[in-house]
Amino acid sequence: MFHLILFLFFGAICVAGAINLLVQSHPINSALSLIVVMASLAAEYLLLGAEFLAAVQVIVYAGAIMVLFVITIMLLNAGKEERTKDSRIAILVGVPGVAIGGVLVAWTILHRANAETVAIGALQGDPKAIARLLFHDFLLPFEVTSVLILIAILGAVVLASRPEAIARPHPSTPAVAETRELAAPGKER
Amino acid sequence: MSITTFLIISFIKSAIVVGVLLTVVAYSVWLERKVSARIQNRWGPTRVGPFGLLQPLADGAKFIFKEDLTQPHVYKPLYIAAPIIALVFAITSVSVIPFGNWVNLGPYSTFLQITDLNIGVLVVLGITSMGVYGIALAGWSSNNKYSLLGGLRASAQMVSYEVSLGLSLVGVLIMAGSLSLRDIVDAQHGVFWGFIPRWNIFHGQTLAFFIYLISAYAETNRTPFDLPEAESELVAGYHTEYSSMKFAMFFMAEYANMTTAACLATLMFLGGWNGPIFGPVFLQDLLPVFWFSLKVFFFIFLYVWVRWTLPRFRYDQLMAFGWRVLLPLSVANIVYTALVVAWRA
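In order, the protein sequence lines correspond to chains S and C.
Residue 1338 is where the first sequence starts when you use my numbering, and the numbers rise one by one after that.
Residue 122 is where the second sequence starts when you use my numbering, and the numbers rise one by one after that.
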């Protein structure tokens, strides 16, 4: 019962954070709302029994990726978003569309006989169980994914490094030679 | 144990732990001033109380009574929230740290820890990784170029060194086979050849210990990695625009983070509360806490000692050291430990 109340509480915070993300006009406030969404999602995972996933969600998403978002916003010094007048199409099509979509999803979940739902605390998400899945049952997909990520990292490094920096010898080389030449005895300008 | 007893015991434990942590924070400031003074052949605080021992109280009163300036050009909501974020995460991270063994209080027997989680290490890492927002937002919301530079440096530095800090702990986790801090300490019980304690630092994790120590200095923004507040170039870095209690909150957060890092080093590498146990029953209950505190004190003293011994790194040196030296070394340590454990199994 207590866990259910907590689950609903964090769910409400999560939705409120997501709405706040859209409503805020300053990018840094939106980024902070996204952190709230990530952190409350981690709390939901924890309540469902997936402890490892919760910890990784906080460390990777809330603690590392969002820091990079915040750094980028701080560096670019992005100003306030400019508000245009509310477009008529958005109100006429968008709002009913969102409502219909939400109703459809809820109806499908409620009326499917074999829909799989999870009771609170029912997931077996402790580190040992996750480790068995990753390093035993699904070892090959896991390793292939890590190779894929490695390729992505290499690609990012290649794209980020300037081509002239690779082609040119070490920048200090000519300067040192020049200094030696100037400092050599008998040489005067 | 009923839910009421559980709540009462948890509340008492949390109150005691936070109280002790804040006292440790106050007296590490005193220790820092005293030790730095002795290193520079001065006396340090001597006027308030014997050996200046009441100086932290006087400082606290001064911080409260100072004028709380809020510059007109700051972004107010985040300017106010930043020190709160920094301090809250710094204090929360101590919640899974165990301080000693089981103790018996009349009918109740309790473990000296607020709560034991099977993901304890990850919780500490997660909460400390959130603490960076306090500093980053302080730098940005101050609307001041020195503060902004300090905040940017802090976030880049903390994200970079978090990687090698986390990886340096993996070797210990492989050896203990658990993420619970209590299990990790229990795995370090016993001695080699009758006199060398079976601590992880003497058990193949010496390299990991030094990687952790260096990364922890960078994580807590302490010298030689105190670039976020490098006073010779950035005035006071991210807390330039803060005064009074708001500044004090950043100060307390820094020392609370130092204490947590020292506690984690003790638990992961120096055997936690393991040490010689002897004497009557009440002494047997107290000695583990004493050994734990002694080891934590050693690390805090080391922090101070290093601060007044080593000069500051340059920023490119800091980044190159983190990514090109510490990261490969910590990965090599993981591979080595995993191979040894797999070979023995």
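Ideal Cβ placement from N, Cα and C applies to all residues, glycine included.
Keep in mind it's a predicted model, so treat the numbers as computed, not measured.
Taking 8 Å as the upper bound for CB-CB distance, G255 (chain C) and I206 (chain C) are in contact here, some 4 Å apart. With respect to chain S, the C-beta atom of W444 (chain C) has no partner C-beta closer than 8 Å. CA-to-CA, the gap between A1427 (chain S) and I1365 (chain S) works out to about 25 Å. Contacts with chain C at 8 Å (Cβ-Cβ) do not include M1338 (chain S).
Residues of the segment 1409 to 1425 of chain S with a Cβ closer than 9 Å to any Cβ of chain C, in chain order: I1410, M1411, L1412, N1414. V146 (chain C) counts as buried, since no fewer than 16 other beta carbons sit within 10 angstroms of its beta carbon. At a cut-off of 4 residues, the continuous stretches assigned as alpha helix (DSSP H) that sit fully inside the segment 1379 to 1440 of chain S are 1388 to 1393, 1403 to 1413. DSSP places T231 (chain C) within a strand segment (E or B) once states are collapsed to three.
Here R303 (chain C) is buried, its C-beta having at least 16 other C-beta atoms within 10 Å. Identification of chain C residues near G1354 (chain S) by a Cβ-Cβ cut-off of 8 Å yields none; the smallest Cβ-Cβ distance measures about 15 Å. The three-state secondary structure of N225 (chain C), taken from DSSP, is strand. G1400 (chain S) belongs to the set of residues whose beta carbon lies under 8 Å from a beta carbon in chain C.
The residues A382, in chain order, have a CB closer than 6 Å to that of A337 (chain C) in the same chain once the five nearest residues on each side in sequence are set aside.
Contact with chain S is absent for G396 (chain C), since none of that chain's Cβ atoms lies less than 8 Å from the residue's Cβ. Looking at C:I398, C:G298, C:V169, the one whose alpha-carbon comes closest to that of A466 (chain C) is C:G298.
Taking the Cα positions, F316 (chain C) is about 33 Å away from R428 (chain C).
Listed along the chain, the chain C residues whose CB falls inside 7 Å of the CB of D1463 (chain S) are N239. For M251 (chain C), a Cβ of chain S is located within less than 8 Å of the residue's own Cβ. Within the same chain, L152, E153, V156, S157 come within 7 Å of V425 (chain C) by CB-CB distance, once the 5 residues on both sides are set aside. DSSP places Y148 (chain C) inside the alpha helix (DSSP H), whose first and last residues are 124 to 160. In this structure, T167 (chain C) lies away from Y267 (chain C), with their beta-carbon atoms at least 8 Å apart. For E283 (chain C) and I1437 (chain S), the gap between their C-alpha atoms comes out near 45 Å. Taken in chain order, the unbroken stretches of alpha helix (DSSP H) that lie wholly in the segment 1444 to 1483 of chain S and span 4 residues or more are 1464 to 1469.
In the structure shown, V312 (chain C) falls within a strand segment according to DSSP collapsed to helix, strand and coil. Interface with chain S (8 Å Cβ-Cβ cutoff): V224 (chain C) is excluded. Sequence-distant Cβ neighbours of V139 (chain C) in its own chain, meaning closer than 7 Å and more than five residues away, are I212. If you check the CB distance, G1386 (chain S) and A1459 (chain S) come in under 8 Å. Going by beta carbons, S123 (chain C) and I235 (chain C) fall outside the 8 Å limit.
Around the C-beta of L199 (chain C), 16 or more other C-beta atoms lie within 10 Å, and the residue is accordingly described as buried. A straight line joining the alpha-carbon of G1462 (chain S) with that of V217 (chain C) spans about 19 Å. If you look at A1355 (chain S), you'll find it in the alpha helix (DSSP H) that goes 1339 to 1360. The shortest C-alpha to C-alpha distance from V306 (chain C) to any of C:A369, C:N342, C:T249, C:P219 is the one to C:P219. By the rule that beta-carbons nearer than 8 Å mark a contact, V417 (chain C) does not touch chain S. Note: I317 (chain C) is bridge-paired with C:F313 in the DSSP secondary-structure output. F419 (chain C) carries a helical assignment under DSSP once its states are collapsed to helix, strand and coil. The contact set of A1392 (chain S) on chain C, defined by CB atoms closer than 7 Å, consists of I240, L243, V244, G247 in chain order.
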